[in-house]
Amino acid sequence: MAVQDIMPTWVGATAKQIARGVRRGDVSATQVVADHLDHVDRADAELAAFRVVRGGEAVTEAEKVDEQEDLANLPLAGVPVAVKENTAVAGLPTWNGSAAVRTGVAEADHEVVRRLRGAGAVILGVTRMPELGLWGITDDESAITRNPWDLRRTPGGSSGGAAAAVAAGLVPIAHGNDGLGSIRIPAACCGLVGLKPGRGVVPCQLGAEDWFGLTEHGMLTTTVADAAVGFQVLAGRPQEKLVPPPRLRVGVSLRSPVRGVSPDASNRDAVASAGRLLAAAGHDTVPADPVYPTALGLQGIVTWLAAAAADVRAAGVSPRHLQRRSRRHVALGEWAQRRGYVREAERAAWRERSIGFFADHSVDLLLTPALAGLPPEATDWSSRSWLANMKANIRYAPYAAPWNIAGLPSIVVPVGRRPEGLPVAVQLIGPPGSELLLLGVAGQFEMQAPWVRHAPGYPRVGSASPTAA
């Protein structure tokens, strides 16, 4: 039976719909989880989104949710959630993208997993990522993770498995993390909402040094409302309803952070469409190009290299056990650190300049493309050279990394479809503390130009589903 013929009742519902249904007794958490496990069993063979599925354990956790007397204060009551495989889930190894860097079975949950469980979520399993989270393409020697919109294309990375899972309805929301775009790039590839919070808003505690402070945890979702719930849970904040933002002045830029890499026609058109949506919502748009120093690109690359080397040293893994591309990456990272090329002062200078950008241009937010081109093909990138991987990643996804270095919140939202049928998205960046503002503007996009919530051929809420009400 084809995947598109499978439509369990609660598969395709949003996290908010599921939690509301569980809280008011329309469905049990156990039934919701069973429906999603059945869908994973049928659909994930062609997607390879999950590294591990916690079948029996997830059902047991769902039963415990159903036994709770007070569900009213659980914003994710009974919601199946996937966790990226570099984040500790009690009872499972932490894979970090390959068997070579897998750690032992975790005795305790990472803090963000603890917060998800505390909100009533049920951990369905852990999703695949490239080795050490280094790449915007997700594959290893055991599987190639594929984009549900087009199985010939990657879902992005490094939170590629998370994005594929949500886009195919395997889970309504999924955890990811973002060191140089690893939430926003997959969100753009798969037509999802992906928010990278600002620095320090959500506890990180990943790898050796949180990639020198570049990495943040976040969620991938099909709706802005789910993104808001997930963000507030991870940030440990009370649940607030999004409100329409006041009239804003939004800077618009097509300028690429990488010299010689430019957005293609579909991504330029996406920014133009987003500009029209902003105007329709009552906001003003003005041209405003950030000045990306040459040193920023170099500092971003050497920090990326050194972060991998630090993680491998901390894990006590011999680089000879890594994939070909990762071995080269780590070796260059060790060289960069020995030569003193990893410089906090340069990253701090860019952060200061980025924060000043909003005042200097009298803008509240910045709008850019999310990607420069099509997601690369889904193939065995893990066996290809370091240079081939570098070129593929930089050519299609140059826009996310500067905002990790700056530590500023940024969000990717879909705004349409490419001629090839894949989603196309834009990125919004804001000053420190603007996460809810970014979500509010994204919600205005969603209201004016509703996007398809799941890839064609995969379950989604429709008129036949009682969860659509």
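Numbering (the numbering used here) for the sequence shown: 417 to 885.
Idealized CB from N, CA, C, for every residue including glycine.
**Q.** Ala580 versus Asp460 - alpha carbon distance
**A.** For the purposes of this step, residue 580 is taken as the residue at position 164 of the sequence shown. For the purposes of this step, residue 460 is taken as the residue at position 44 of the sequence shown. The alpha-carbon atoms of Ala580 and Asp460 are separated by roughly 9 Å.
**Q.** Assigned exposure category for Thr510 - 16 Cβ within 10 Å defines buried
**A.** Position 94 of the sequence shown, counted from the start, is the residue given in the question as residue 510. Buried is the call here.
Q. In whole angstroms, what separates the C-alpha of Phe773 from that of Pro706?
A. As a working note, residue 773 is residue 357 in the sequence shown. As a working note, residue 706 is residue 290 in the sequence shown. Between Phe773 and Pro706, the C-alpha separation is close to 7 Å.
Q) Taking C-beta to C-beta, are Ile771 and Pro839 nearer than 8 Å? A) As a first step, residue 771 is located in the sequence shown; it is residue number 355 there, counting from the start. As a first step, residue 839 is located in the sequence shown; it is residue number 423 there, counting from the start. Contact: no.
**Q.** Ile810 to Ser689 span [Cα, whole Å]
**A.** Taking the sequence shown and counting its residues from 1, one reaches residue 810 at position 394. Taking the sequence shown and counting its residues from 1, one reaches residue 689 at position 273. Approximately 24 Å between the Cα atoms of the pair.
(Q) Check for me: the alpha helix (DSSP H) holding Asn820 runs from which residue to which? (A) The sequence position of residue 820 within the sequence shown is 404, counting from 1. Element bounds for Asn820: 817-822.
Q | Buried versus exposed, by CB contacts within 10 Å (16 or more), Gly652 | A | Locating residue 652 in the sequence shown gives position 236, counting from the first residue. Looking at its Cβ environment, which holds fewer than 16 other Cβ atoms inside 10 Å, Gly652 is exposed.
Q. Residue ranges of each beta strand (DSSP E) run of no fewer than 3 residues wholly in the stretch 655-704, ordered along the chain?
A. 665-668, 700-703
Q | Cβ separation of Ala643 and Leu611, assumed to be a contact under 8 Å, to the nearest whole Å | A | For this step, residue 643 is matched to residue 227 along the sequence shown. For this step, residue 611 is matched to residue 195 along the sequence shown. That belief holds up - the Cβ atoms of Ala643 and Leu611 are roughly 5 Å apart, short of 8 Å.
Q: Flag this pair as yes or no: are the beta carbons of His745 and Ala724 separated by less than 8 Å?
A: Numbered from 1 along the sequence shown, position 329 holds the residue referred to as residue 745. Numbered from 1 along the sequence shown, position 308 holds the residue referred to as residue 724. Closer than 8 Å, so yes.
(Q) Output needed for Ala535: all residues of its chain with C-beta closer than 7 Å, excluding positions within five of it in sequence on either side, in chain order. (A) Taking the sequence shown and counting its residues from 1, the one referred to as residue 535 is at position 119. The answer, listed in chain order, is Leu490, Pro491, Leu492, Val649.
Q. From Arg833 to Asp680, what distance separates their C-alpha atoms?
A. Taking the first residue of the sequence shown as 1, we reach residue 833 at position 417. Taking the first residue of the sequence shown as 1, we reach residue 680 at position 264. Roughly 14 Å between the two C-alpha positions.
Q: Can you have a look at Pro882 and say buried or exposed, based on whether 16 or more other CB atoms are within 10 angstroms of its CB?
A: On the sequence shown, position 466 is the one that residue 882 refers to. Here the model assigns Pro882 a pLDDT of 40, short of 50, so the residue's position is not dependable, and the following value carries that caveat. The residue is exposed, with fewer than 16 neighbouring Cβ atoms inside 10 Å.
Q: Count the other CB atoms, across all protein chains shown, that sit within 10 Å of the CB of Arg467; report buried if there are 16 or more and exposed otherwise.
A: Translated into the one-based positions of the sequence shown, residue 467 becomes position 51. With 16 or more Cβ atoms within 10 Å of its Cβ, Arg467 is classed as buried.
Q) Where does Ala711 land, buried or exposed, given buried means 16+ other C-beta within 10 angstroms? A) Within the sequence shown, residue 711 is the residue found at index 295, counting from 1. Label assigned to Ala711: exposed.
Q. At what residues does the alpha helix (DSSP H) containing Asp482 begin and finish?
A. Taking the first residue of the sequence shown as 1, we reach residue 482 at position 66. 471-483 is the span of the alpha helix (DSSP H), which, as asked, contains Asp482.
Q | Euclidean distance between Cα positions of Thr719 and Thr543 | A | Along the sequence shown, one-based indexing puts residue 719 at 303. Along the sequence shown, one-based indexing puts residue 543 at 127. For Thr719 and Thr543, the distance between alpha carbons rounds to 25 Å.
Q.
Within a Cβ cutoff of 6 Å, which residues of the same chain sit near Ser672, ignoring the five residues on either side of it in sequence?
A. Indexing the sequence shown from 1 puts residue 672 at position 256. Cβ within range, chain order: Ser678, Pro814.
Q. Cα separation between Asp566 and Arg458?
A. What you label residue 566 is simply residue 150 of the sequence shown in a count that begins at 1. What you label residue 458 is simply residue 42 of the sequence shown in a count that begins at 1. Each residue's alpha carbon lies about 18 Å from the other.
**Q.** Where the alpha helix (DSSP H) containing Gln753 begins and where it ends
**A.** Residue numbering aside, residue 753 sits at position 337 when the sequence shown is read from its first letter. That run of the alpha helix (DSSP H) goes 740-754.
Q) Residues in its own chain within less than 6 Å of Arg562 by CB, not counting five upstream and five downstream? A) The sequence position of residue 562 within the sequence shown is 146, counting from 1. So the qualifying residues of the chain are Leu463, Ala794.
Q: Report all residues from its chain with a CB closer than 6 Å to the CB of Ala506; omit the five preceding and five following residues, and keep chain order.
A: Stepping through the sequence shown from its first residue, residue 506 is reached at position 90. Contacts found: Ala522, Ala524, Asp525.
Q) Per DSSP, Gly634 forms a beta bridge with which residues? A) Residue mapping note: residue 634 aligns to position 218 of the sequence shown, counting from 1. Gly592, per the DSSP bridge assignment.
**Q.** Residue span of the beta strand (DSSP E) that contains Gly541, given as start and end
**A.** Position 125 of the sequence shown, counted from the first residue, corresponds to residue 541. Segment 538-543, the beta strand (DSSP E) holding Gly541.
(Q) Using C-beta distances below 7 Å, list every residue in its chain close to Ala695, excluding the 5 sequence neighbours before and after it, in chain order. (A) Taking the first residue of the sequence shown as position 1, residue 695 is located at position 279. These residues qualify, in order along the chain: Thr701.
Q) Between the stretch 441-452 and the stretch 569-579, are three or more C-beta pairs nearer than 8 Å? A) no
Q. Under 8 Å between the Cβ atoms of Pro496 and Val443?
A. Taking the first residue of the sequence shown as 1, we reach residue 496 at position 80. Taking the first residue of the sequence shown as 1, we reach residue 443 at position 27. It is not a contact, given that the beta carbons lie outside the stated cut-off.
Q) Is it right to say Ala786 is buried, meaning 16 or more other beta carbons lie within 10 angstroms of its own, or is it exposed? A) Translated into positions along the sequence shown, residue 786 becomes position 370. Counting Cβ neighbours within 10 Å, Ala786 comes out buried, since at least 16 surround it.
Q. At what residues does the alpha helix (DSSP H) containing Ala841 begin and finish?
A. To locate residue 841, count along the sequence shown from 1; it is residue 425. No alpha helix (DSSP H) contains Ala841, which is instead part of the beta strand (DSSP E) from 839-845.
Q) Of the choices Pro619, Glu547, Asn683, whose alpha-carbon is the least far from that of Glu836? A) To locate residue 836, count along the sequence shown from 1; it is residue 420. That would be Asn683, whose Cα lies nearest to the Cα of Glu836.
**Q.** Limits of the unbroken beta strand (DSSP E) element including Ile434
**A.** As a position in the sequence shown, residue 434 is number 18, starting the count at 1. Note, Ile434: premise wrong, no beta strand (DSSP E); alpha helix (DSSP H) at 431-439.
Q) DSSP state of Ile560, grouped into three classes? A) Counted from its first residue, the sequence shown places residue 560 at position 144. The answer is strand: DSSP assigns Ile560 an E or B state.
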